[in-house]
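Everything in the sequence shown is counted per UniProt numbering, starting at 1 for the first residue and increasing by one. Glycine included, every Cβ here is placed at the ideal spot set by N, Cα and C. Values in this document were obtained by computation on a predicted structure and should not be read as measured data.
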Amino acid sequence: MVSKKVLIVYAHQSSGSFNSAAQDAAVEVLTAKGCTVEVSDLYAMKFKATATAEDITGKVKNADHFCYGEETKLAWEVGKLSADITEEQRKLTEADLVIFQFPMYWFTVPAIMKGWMDRVLTLGFAFTHEKRYSQGIFKDKKAMLSFTTGSQESMFSANGINGDMNVTLWPLQNGILHYCGFQVLAPQIFWAPSHVSSEACGTMLEGCRTRMQGLLGENPLAFTPLDCFDGEKGYQLKPEVHEKHAAKEFGLTVGTHLGKALPPNNQMKAGV
């Protein structure tokens, strides 16, 4: 068996945090399974969160009307992206699996991790108009969100005050990871570790360790393939796909639900 390479993009400032313990558990188990694990500790690296013209070495094409996407694409093509971006792109290119480990801030990732996504997943390197979603550049790689919440699981339910976690995850899992082609594994969610006992935290970590044993063999979440949408008509779902699902109780996904009820656990569990 060829050794798999894993990249953990980690965003927490405290080595005593639950996130740190979760990261350590992943490194330990995956390394024991024969994987080569590399960690990008964003706070320790003082990773720059803002996507600016400073990400390009040398002159830009149009300084008067700077377009970050186009300018970084041109810079990537000629090897003129800043060294920190180039290094993270190297890690990502080599990785078979990417795990994003973070505390959920305001229903999404911390700013420093969003900056990693903004700056590292550049146009050309991570996606193009032709290569995205199910035909994306990273379709041979897997990715997973692993995070802690500040709220209890019941608060992130369809009837909870925070709303359905499946809806919360759609922009991150579909709009970033799947958009770049990643096979997205079901998220590893640690519900409110700061509000439960140390024993309960230990149980959550053991559950994580158990999952990590077979993580690379897991099936990914299901997303509607790109060829189900008509590119000549604004990437609307094709009529025949509508017809095929007309009699079904639930929509296709959280994001493409055909006016039907949202499919339960669509962004939380594989095979549903």
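- Following the DSSP letters along the chain, one finds residue 142 inside the beta strand (DSSP E) bounded by residues 142-148.
- Residue 154 carries a helical assignment under DSSP once its states are collapsed to helix, strand and coil.
- Taking 8 Å as the upper bound for CB-CB distance, residue 186 and residue 269 are in contact here, some 5 Å apart.
- Minimum Cα-Cα distance from residue 188 among the listed residues 241, 122, 102 corresponds to 102.
- Here residue 105 is bridged, per DSSP, to 108.
- In this structure the region 168-183 touches the region 93-113; the number of beta carbon pairs closer than 8 Å is three or more.
- For the 8 Å CB-CB criterion, residue 116 and residue 9 form a contact.
- Runs of the alpha helix (DSSP H) lying entirely within the region 153-195 and spanning at least 4 residues, in chain order: 165-172.
- Each of 69, 38, 44, 203 was checked against the Cα of residue 53, and the nearest Cα belongs to 69.
- For residue 249 and residue 160, the gap between their C-alpha atoms comes out near 22 Å.
- One Cα belongs to residue 150, the other to residue 64, and the distance between them is close to 43 Å.
- The beta-carbon separation of residue 252 and residue 180, rounded to 20 Å, does not stay under the 8 Å limit for a contact.
- Excluding five sequence positions before and after residue 139, the CB atoms of its chain that fall closer than 8 Å to its own CB belong to 181, 182, 183, given in chain order.
- Sequence-distant Cβ neighbours of residue 98 in its own chain, meaning closer than 6 Å and more than five residues away, are 7, 143.
- Look at residue 64 here: in three-state DSSP terms it is coil, with no helix or strand label.
- Shown here, residue 84 sits in a helix according to DSSP, grouped into three states.
- Between the alpha carbons of residue 36 and residue 258 lies a gap of roughly 42 Å.
- Note: residue 38 is bridge-paired with 7 in the DSSP secondary-structure output.
- Distance from the Cα of residue 205 is smallest, within the candidate group 21, 4, 232, for 21.
- Here residue 61 has 71, 74 as same chain residues with Cβ atoms under 7 Å from its own Cβ, once five neighbours each way along the sequence are excluded.
- In the structure shown, residue 118 adopts helical secondary structure according to DSSP, grouped into three states.
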